[in-house]
Amino acid sequence: MAAEDALARLDERVARSEVGAGFAERADFFDSVSSMWVAGELVHLEDLVLHDAQMDIRAPSHELVIAHRIVRARRRVARNDPGWAVSRSGIMALAGVAEEPSGLVEQVDRGGGRDRLGQSRCGVARAR
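Numbering (our numbering), first residue to last: 5 to 132.
Structure (C-alpha coordinates):
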(Lines of atoms letter the chains of each structure in order from A and count residues from 1; the text may use other names and numbers.)
(Lines give C-alpha, C1' and ligand atoms only; values in the text may rest on other atoms or scores of the structure.)
Protein backbone atom coordinates (compact mmCIF):
# COMPACT_ATOMS: atom_id res chain seq x y z
CA MET A 1 0.00 0.00 0.00
CA ALA A 2 2.85 2.40 0.70
CA ALA A 3 4.08 2.10 -2.89
CA GLU A 4 0.59 2.88 -4.24
CA ASP A 5 0.34 5.93 -2.03
CA ALA A 6 3.78 7.14 -3.06
CA LEU A 7 2.92 6.70 -6.73
CA ALA A 8 -0.38 8.56 -6.31
CA ARG A 9 1.45 11.43 -4.62
CA LEU A 10 4.03 11.49 -7.42
CA ASP A 11 1.27 11.63 -10.03
CA GLU A 12 -0.36 14.56 -8.25
CA ARG A 13 2.92 16.44 -7.88
CA VAL A 14 3.80 15.91 -11.54
CA ALA A 15 0.33 17.00 -12.69
CA ARG A 16 0.65 20.28 -10.75
CA SER A 17 4.27 20.90 -11.69
CA GLU A 18 5.35 23.21 -14.48
CA VAL A 19 7.58 20.44 -15.82
CA GLY A 20 4.76 17.87 -15.83
CA ALA A 21 4.44 17.78 -19.62
CA GLY A 22 8.16 17.11 -20.05
CA PHE A 23 8.05 14.42 -17.38
CA ALA A 24 5.19 12.72 -19.24
CA GLU A 25 7.09 12.95 -22.56
CA ARG A 26 10.15 11.31 -21.00
CA ALA A 27 7.94 8.60 -19.53
CA ASP A 28 6.47 7.92 -22.98
CA PHE A 29 9.93 7.47 -24.49
CA PHE A 30 11.20 5.29 -21.64
CA ASP A 31 8.05 3.13 -21.73
CA SER A 32 8.37 2.66 -25.48
CA VAL A 33 12.02 1.62 -25.22
CA SER A 34 11.16 -0.68 -22.30
CA SER A 35 8.31 -2.30 -24.22
CA MET A 36 10.62 -3.03 -27.13
CA TRP A 37 13.25 -4.45 -24.77
CA VAL A 38 10.68 -6.81 -23.23
CA ALA A 39 9.84 -7.93 -26.78
CA GLY A 40 13.51 -8.71 -27.34
CA GLU A 41 14.36 -5.70 -29.50
CA LEU A 42 16.93 -3.02 -28.73
CA VAL A 43 16.00 0.58 -29.50
CA HIS A 44 18.27 3.37 -28.33
CA LEU A 45 16.51 6.20 -26.56
CA GLU A 46 18.56 8.80 -28.42
CA ASP A 47 17.57 7.36 -31.81
CA LEU A 48 13.90 7.38 -30.78
CA VAL A 49 14.06 11.02 -29.68
CA LEU A 50 15.77 12.04 -32.94
CA HIS A 51 13.24 10.05 -34.99
CA ASP A 52 10.38 11.73 -33.15
CA ALA A 53 11.88 15.13 -33.95
CA GLN A 54 12.33 14.04 -37.59
CA MET A 55 16.08 14.49 -37.28
CA ASP A 56 17.18 10.93 -38.07
CA ILE A 57 20.89 10.42 -38.61
CA ARG A 58 20.30 7.28 -40.68
CA ALA A 59 17.36 5.35 -42.08
CA PRO A 60 15.12 4.20 -39.21
CA SER A 61 15.07 0.50 -38.42
CA HIS A 62 11.85 -1.49 -38.24
CA GLU A 63 12.16 -1.64 -34.46
CA LEU A 64 12.57 2.13 -34.24
CA VAL A 65 9.41 2.66 -36.27
CA ILE A 66 7.48 0.32 -33.96
CA ALA A 67 8.82 2.12 -30.89
CA HIS A 68 7.71 5.45 -32.40
CA ARG A 69 4.23 4.00 -32.92
CA ILE A 70 4.13 3.18 -29.21
CA VAL A 71 5.06 6.78 -28.35
CA ARG A 72 2.34 8.11 -30.68
CA ALA A 73 -0.24 5.74 -29.19
CA ARG A 74 0.62 6.87 -25.66
CA ARG A 75 0.26 10.50 -26.73
CA ARG A 76 -3.09 9.76 -28.32
CA VAL A 77 -4.34 8.11 -25.13
CA ALA A 78 -3.17 11.09 -23.06
CA ARG A 79 -4.92 13.58 -25.39
CA ASN A 80 -8.33 11.93 -25.10
CA ASP A 81 -10.76 11.51 -22.22
CA PRO A 82 -9.70 9.11 -19.44
CA GLY A 83 -12.12 6.34 -20.49
CA TRP A 84 -11.49 6.63 -24.22
CA ALA A 85 -8.70 4.03 -24.43
CA VAL A 86 -10.94 1.28 -23.06
CA SER A 87 -14.03 2.26 -25.05
CA ARG A 88 -14.99 0.52 -28.28
CA SER A 89 -13.92 3.46 -30.45
CA GLY A 90 -10.65 3.84 -28.53
CA ILE A 91 -9.70 0.20 -28.84
CA MET A 92 -10.54 0.16 -32.54
CA ALA A 93 -8.58 3.38 -33.14
CA LEU A 94 -5.52 2.12 -31.28
CA ALA A 95 -5.71 -1.21 -33.09
CA GLY A 96 -5.88 0.62 -36.43
CA VAL A 97 -9.31 -0.71 -37.34
CA ALA A 98 -11.74 1.71 -38.97
CA GLU A 99 -15.08 1.74 -37.20
CA GLU A 100 -18.11 1.49 -39.47
CA PRO A 101 -20.97 3.93 -38.96
CA SER A 102 -23.61 2.18 -36.84
CA GLY A 103 -26.45 2.74 -39.32
CA LEU A 104 -24.67 1.19 -42.30
CA VAL A 105 -24.50 -2.53 -42.92
CA GLU A 106 -21.95 -3.75 -45.41
CA GLN A 107 -23.41 -5.44 -48.48
CA VAL A 108 -21.38 -8.44 -49.54
CA ASP A 109 -21.13 -8.97 -53.30
CA ARG A 110 -21.06 -12.66 -54.14
CA GLY A 111 -20.07 -11.89 -57.74
CA GLY A 112 -21.78 -12.61 -61.03
CA GLY A 113 -24.54 -10.04 -60.50
CA ARG A 114 -25.54 -7.11 -62.66
CA ASP A 115 -25.63 -3.46 -61.75
CA ARG A 116 -28.66 -1.25 -62.39
CA LEU A 117 -27.55 -0.56 -66.00
CA GLY A 118 -27.54 -4.23 -66.94
CA GLN A 119 -23.77 -4.51 -67.06
CA SER A 120 -22.01 -7.37 -65.41
CA ARG A 121 -19.94 -6.52 -62.36
CA CYS A 122 -16.74 -7.27 -64.22
CA GLY A 123 -17.39 -4.28 -66.53
CA VAL A 124 -18.45 -6.17 -69.66
CA ALA A 125 -21.85 -5.23 -71.11
CA ARG A 126 -24.16 -8.17 -71.70
CA ALA A 127 -27.30 -8.40 -73.77
CA ARG A 128 -30.59 -8.42 -71.91
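The C-beta atom is built at its ideal place from N, Cα and C for all residues, glycine as well.
Output the boundary residues of the alpha helix (DSSP H) element that contains residue i.
| i | result |
| --- | --- |
| His66 | His66 to Arg83 |
| Trp133 | Because the chain in this structure spans residues 5 to 132, residue 133 falls outside the shown range and cannot be described. |
| Ile61 | Run containing Ile61: none; DSSP gives neither H nor E here. |
| Gly94 | Arg92 to Ala99 |
| His48 | No alpha helix (DSSP H) holds His48; DSSP gives it neither H nor E. |
| Ala89 | Per DSSP, Ala89 belongs to no alpha helix (DSSP H) and is neither H nor E. |
| Ala12 | Ala6 to Arg20 |
Label residue i either buried or exposed according to how many other C-beta atoms from any shown protein chain fall within 10 Å of its C-beta, with 16 as the threshold for buried.
| i | result |
| --- | --- |
| Ser91 | exposed |
| Val101 | exposed |
| Gly26 | exposed |
| Asp15 | exposed |
Could you tell me the alpha carbon to alpha carbon distance between residue i and residue j, rounded to whole angstroms?
| i | j | result |
| --- | --- | --- |
| Ala89 | Ile74 | 14 Å |
| Ile95 | Asp35 | 19 Å |
| Trp41 | Val47 | 7 Å |
| Asp85 | Val69 | 26 Å |
| Ala99 | Ser93 | 10 Å |
Can you tell me which of the options puts its alpha carbon nearest to the alpha carbon of residue i?
| i | options | result |
| --- | --- | --- |
| Arg79 | Glu50, Arg13, Ala31 and Ala63 | Ala31 |
| Leu49 | Ala19, Ser38, Leu11 and Val23 | Ser38 |
| Phe33 | Ala43, Ala63, Arg62 and Arg76 | Arg76 |
Give the C-beta separation of residue i and residue j to the nearest angstrom, bearing in mind that I take them to be a contact with Cβ-Cβ under 8 Å.
| i | j | result |
| --- | --- | --- |
| Glu72 | Leu52 | Glu is not the amino acid found at residue 72; the sequence shown has His there. Indeed, because the Cβ distance is near 7 Å, the residues count as touching under 8 Å. |
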